[in-house]
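Since the structure comes first, as structure tokens, the remarks are kept for the end.
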Amino acid sequence: MNNNIETDVVGGPVRHVPVMLNEVLSCLQPASGKLNGLNIVDGTFGAGGYSSAIVGSGANVLAIDRDPNAIRDGASLVAELAGKLSLVQGKFGSLDVLAQNNSFIEVDGVVLDIGVSSMQLDEAERGFSFQKDGPLDMRMGQSGVSAADVVNTMQQQDLTRVIGILGEERKASAVSRAIVREREKISFSTTLQLASLIEKTLGRRATDRIHPATRTFQALRIFVNQELEQLGKALFAAERLLKAGGRLVVVTFHSLEDRLVKLFFKDRCGAQEGSRHLPLVKHKDATFVIRGKGLLKASKEEAEINPRARSAKLRWGERNDNPPAKMDMSIFGLPNLVSLNALPVKGE
Ligand SMILES: C[S@@+](CC[C@H](N)C(=O)[O-])C[C@H]1O[C@@H](n2cnc3c(N)ncnc32)[C@H](O)[C@@H]1O
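End of the sequence shown = 703 in our numbering, gap-free, step of one.
This is the structure in structure tokens:
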């Protein structure tokens, strides 16, 4: 199997270029150095870039994706890799349950590649992009509360918090005020309707590096898909699922997500702050160990070819033989935002 990042992994033109693939493969490898015969869970199948390369290295893969389109489009790869790749629809926050339900036990590795795929971003009708007109949707799982539902029904002060915290938008109040005024006249239904309102509200200078709607769209996407909660749950699920010596490898593209992974490993490795001059102390309750460099970034060469790789951060750890520790989402200090289920629209 060719691990080149430009490999066409699903038999058509390249759709999603897997990021840091070679690093992912080497971090998944146990101390013995081979993936051959191991059981790996790929929690974010996407276009199957990781899954296909992991199977190509000799492992069996259970792949998960919440997006029905990813499952539909992955069927040909499943047929091609007969018996080595299974693909199920579901959320990675329950990856341990999904693995057990699919009789995938003795798991040696879990990999997560957080965020949206190029296919999701590029398809206007999915509503993730402010550059293409489409329904204001953004639901990876294609059910439940959409981005349009959020902007049409959320209280202004809640909207300000969502946009300010999840989008890190400094002018969140101005954006939410404009949204609430606009929806009194007409409901939001399309991406460009929202993007142009934000552009009109915040203005745009020729020197601006990003479109003024970037942060608000990011906030809505993270909120609609409950991405931070899902990531937190997935880390605990991987802790429960992995056998001793198994590897957890997580690639993130945003500081909000990377922070969660960092806090998780800090907590699970026994939070050894200490000084670099002190010997490493083995914490009795630790469930993971970091071997070597726990944080990797994409190579210069990859970042040049694939702009998505520039912001990628890979963190990984190795499961030890202690029982899983208590699942405590408070270690992440997640922002206290209004619940998706509290909106006056039907949830997932
Ligand atoms: C960045 S893409 C993965 C690309 C993949 N590594 C590849 O090489 O083709 C992320 C994928 O994860 C899926 N995803 C995001 N959140 C999820 C969740 N909570 N549960 C399951 N799948 C999720 C998305 O639908 C998307 O297909």
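Every residue gets a Cβ at the ideal spot worked out from N, C-alpha and C, and that includes glycine.
The structure displayed is predicted, hence computed values, not measured ones.
Problem - Close beta carbons around tyrosine 672, own chain, < 6 angstroms, minus the five adjacent residues each side - result: If you number the sequence shown from 1, residue 672 lands on position 317. The sequence given here places glycine at residue 672; tyrosine does not occur at that position. Closer than 6 angstroms at the Cβ level, and outside the excluded window around glycine 672, lie Leu603, Phe620, Phe643, Ile645.
Exercise for the section: Determine, using beta carbons only, whether glycine 448 and leucine 611 come nearer to each other than 9 angstroms. Expected result: As a position in the sequence shown, residue 448 is number 93, starting the count at 1. As a position in the sequence shown, residue 611 is number 256, starting the count at 1. Leucine 611 sits away from glycine 448, with the two beta carbons spaced by 9 angstroms or more.
Handout entry: glycine 600 versus leucine 436: straight-line alpha-carbon distance, rounded
Key = For this step, residue 600 is matched to residue 245 along the sequence shown. For this step, residue 436 is matched to residue 81 along the sequence shown. Answer to the nearest angstrom: the Cα atoms are 26 angstroms apart.
Practice task
Measuring alpha carbon to alpha carbon, tell me which of Ala658, Met495, Pro699, Leu651 ends up nearest glycine 401.
Solution key: Looking up residue 401 in the sequence shown gives position 46. The shortest C-alpha separation from glycine 401 is found at Met495.
Practice task
Whole angstroms is fine: what's the gap from leucine 547's alpha carbon to aspartate 488's?
Solution key: By 1-based counting over the sequence shown, the position of residue 547 is 192. By 1-based counting over the sequence shown, the position of residue 488 is 133. Cα-Cα distance, rounded: 5 angstroms.
Practice task
Identify whether lysine 555 lies in helix, strand or coil by the three-state DSSP scheme.
Solution key: Stepping through the sequence shown from its first residue, residue 555 is reached at position 200. Lysine 555: helix per DSSP, three-state reduction.
Problem - the region 472-491 in contact with the region 542-559 per 3-pair CB rule at 8 angstroms - result: yes
Handout entry: Through-space distance from proline 373 to leucine 432, alpha-carbon basis
Key = Locating residue 432 in the sequence shown gives position 77, where the first residue counts as 1. Locating residue 373 in the sequence shown gives position 18, where the first residue counts as 1. Rounded to the nearest angstrom, the two C-alpha atoms are 15 angstroms apart.
Exercise for the section: Kindly indicate which three-state DSSP category threonine 562 falls into: helix, strand or coil? Expected result: Position 207 of the sequence shown, counted from the start, is the residue given in the question as residue 562. If DSSP states are grouped into helix, strand and coil, threonine 562 belongs with coil.
Exercise for the section: Could you tell me which of Asp420, Glu378, Ala386, Gly388 sits nearest to valine 396, measuring between CA atoms? Expected result: For the purposes of this step, residue 396 is taken as residue 41 along the sequence shown, with counting starting at 1. Residue Asp420 is the option with its Cα nearest to valine 396.
Problem - Distance CB(arginine 576)-CB(aspartate 613) smaller than 9 angstroms - result: In the sequence shown, residue 576 corresponds to position 221, counting from 1. In the sequence shown, residue 613 corresponds to position 258, counting from 1. With contacts defined as CB atoms closer than 9 angstroms, arginine 576 and aspartate 613 fail to qualify as a contacting pair.
Handout entry: For threonine 607, the first and last residue of its enclosing beta strand (DSSP E)
Key = Looking up residue 607 in the sequence shown gives position 252. DSSP places threonine 607 in the uninterrupted beta strand (DSSP E) bounded by 597-607.
Problem - Residues near ligand 1, criterion Cβ-heavy atom distance below 5 angstroms - result: The answer, residue by residue, is His371, Pro373, Thr399, Gly401, Ala402, Gly404, Tyr405, Asp420, Arg421, Asp422, Ala425, Lys446, Phe447, Asp468, Gly470, Ser472, Met495, Gln585.
Exercise for the section: Could you name the residues of the same chain whose beta carbon sits closer than 7 angstroms to that of asparagine 691, not counting the 5 residues immediately before and after it, in chain order? Expected result: As a position in the sequence shown, residue 691 is number 336, starting the count at 1. Hits under 7 angstroms: none found.
Handout entry: Distance, glutamate 539 Cα to valine 605 Cα
Key = Numbered from 1 along the sequence shown, position 250 holds the residue referred to as residue 605. Numbered from 1 along the sequence shown, position 184 holds the residue referred to as residue 539. Distance between the alpha carbons of valine 605 and glutamate 539 is about 42 angstroms.
Handout entry: Straight-line gap, valine 616 to glutamate 554 (C-alpha atoms, nearest Å)
Key = As a first step, residue 616 is located in the sequence shown; it is residue number 261 there, counting from the start. As a first step, residue 554 is located in the sequence shown; it is residue number 199 there, counting from the start. Each residue's alpha carbon lies about 33 angstroms from the other.
Practice task
Give the range of the beta strand (DSSP E) segment to which aspartate 700 is assigned.
Solution key: The residue given as residue 700 occupies position 345 in the sequence shown. Strictly speaking, residue 700 in this sequence is valine, with aspartate absent from that position. Note, valine 700: premise wrong, no beta strand (DSSP E); not H, not E.
Exercise for the section: Decide if methionine 682 is buried, meaning its Cβ has at least 16 other Cβ atoms within 10 Å, or exposed. Expected result: Taking the first residue of the sequence shown as 1, we reach residue 682 at position 327. It counts as exposed.
Practice task
Can you tell me which of Asn377, Met509, Ala418 puts its alpha carbon nearest to the alpha carbon of asparagine 394?
Solution key: For the purposes of this step, residue 394 is identified with residue 39 of the sequence shown, where counting begins at 1. Nearest of Asn377, Met509, Ala418 to asparagine 394, Cα basis: Ala418.
Exercise for the section: Check whether the Cβ atoms of asparagine 415 and glycine 429 lie closer than 9 angstroms to each other. Expected result: Mapped onto the sequence shown, residue 415 falls at position 60. Mapped onto the sequence shown, residue 429 falls at position 74. Not a contact, by the Cβ cut-off of 9 angstroms.
Problem - Exposure of glutamate 659, with buried meaning 16 or more beta-carbon neighbours within 10 Å - result: Taking the sequence shown and counting its residues from 1, the one referred to as residue 659 is at position 304. With fewer than 16 Cβ atoms within 10 Å of its Cβ, glutamate 659 is classed as exposed.
Handout entry: Any alpha helix (DSSP H) of 4 or more consecutive residues that is wholly inside the region 466-525
Key = For the region 466-525, whole alpha helix (DSSP H) runs of length 4 or above, ordered along the chain, are 473-477, 502-508, 511-516.
Exercise for the section: Can you tell me which of Val506, Asn424, Cys382, Ala479 puts its alpha carbon nearest to the alpha carbon of leucine 467? Expected result: As a first step, residue 467 is located in the sequence shown; it is residue number 112 there, counting from the start. Of the listed residues, the one whose Cα sits closest to leucine 467 is Cys382.
Practice task
Give a yes or no on contact between the region 521-528 and the region 558-575, applying the rule of three or more CB pairs nearer than 8 angstroms.
Solution key: When C-beta atoms of the region 521-528 are compared with those of the region 558-575, three or more pairs fall below 8 angstroms, so the two segments count as touching.
Handout entry: Alpha carbon of phenylalanine 543 to alpha carbon of alanine 641, nearest angstrom
Key = Taking the first residue of the sequence shown as position 1, residue 543 is located at position 188. Taking the first residue of the sequence shown as position 1, residue 641 is located at position 286. Whole-angstrom Cα-Cα distance: 48 angstroms.
Practice task
Report buried or exposed for threonine 556, applying the criterion of at least 16 other Cβ atoms within 10 angstroms of its Cβ.
Solution key: Walking along the sequence shown from the start, residue 556 turns up at place 201. Classification of threonine 556: buried, given that the 10 Å Cβ count is 16 or more.
Handout entry: Given asparagine 704 as reference, the closest of Leu596, Pro679, Ala667 once Cα atoms are compared
Key = The structure shown does not extend to residue 704, since the chain spans only 356 to 703, so no value can be given for it.
Problem - Environment of threonine 399 [buried if 16+ CB atoms lie within 10 Å] - result: Residue 399 sits at position 44 when you count from the first residue of the sequence shown. Threonine 399 is buried by the Cβ-count criterion.
Problem - leucine 440 versus glycine 464: straight-line alpha-carbon distance, rounded - result: As a working mapping, residue 440 is identified with position 85 in the sequence shown. As a working mapping, residue 464 is identified with position 109 in the sequence shown. Between leucine 440 and glycine 464, the C-alpha separation is close to 14 angstroms.
Handout entry: Alpha-carbon spacing of serine 654 relative to lysine 389, whole angstroms
Key = The count along the sequence shown starts at 1 and reaches residue 654 at position 299. The count along the sequence shown starts at 1 and reaches residue 389 at position 34. So the two alpha carbons sit approximately 23 angstroms from each other.
Practice task
Go to isoleucine 395, then tell me how far its beta strand (DSSP E) extends in each direction, as first and last residue.
Solution key: Residue numbering aside, residue 395 sits at position 40 when the sequence shown is read from its first letter. Run containing isoleucine 395: 394-397, per the beta strand (DSSP E) assignment.
Exercise for the section: Would you list the residues sitting across from phenylalanine 643 in a DSSP beta bridge? Expected result: Within the sequence shown, the letter at position 288 stands for residue 643. Answer is Arg674, bridged to phenylalanine 643.
Practice task
Spatial neighbours of alanine 592 within its chain, please: CB distance less than 7 angstroms, with the 5 preceding and 5 following residues excluded, ordered by chain position.
Solution key: Here the question's residue 592 lines up with position 237 in the sequence shown. Counting only Cβ-Cβ distances below 7 angstroms, and skipping sequence neighbours, we find Gly448, Ser449, Leu450, Asp451.
Problem - Check whether isoleucine 565 and aspartate 622 have beta carbons under 9 angstroms apart - result: Taking the sequence shown and counting its residues from 1, the one referred to as residue 565 is at position 210. Taking the sequence shown and counting its residues from 1, the one referred to as residue 622 is at position 267. One thing to note: isoleucine 565 has its Cβ no nearer than 9 angstroms to the Cβ of aspartate 622.
Practice task
Classify glutamate 628 as helix, strand or coil using the three-state DSSP reduction.
Solution key: Position 273 of the sequence shown, counted from the first residue, corresponds to residue 628. Low confidence applies here, because glutamate 628 scores a pLDDT of 49, under 50, leaving its location unreliable; read the following figure in that light. DSSP places glutamate 628 in coil when its eight states are reduced to three.
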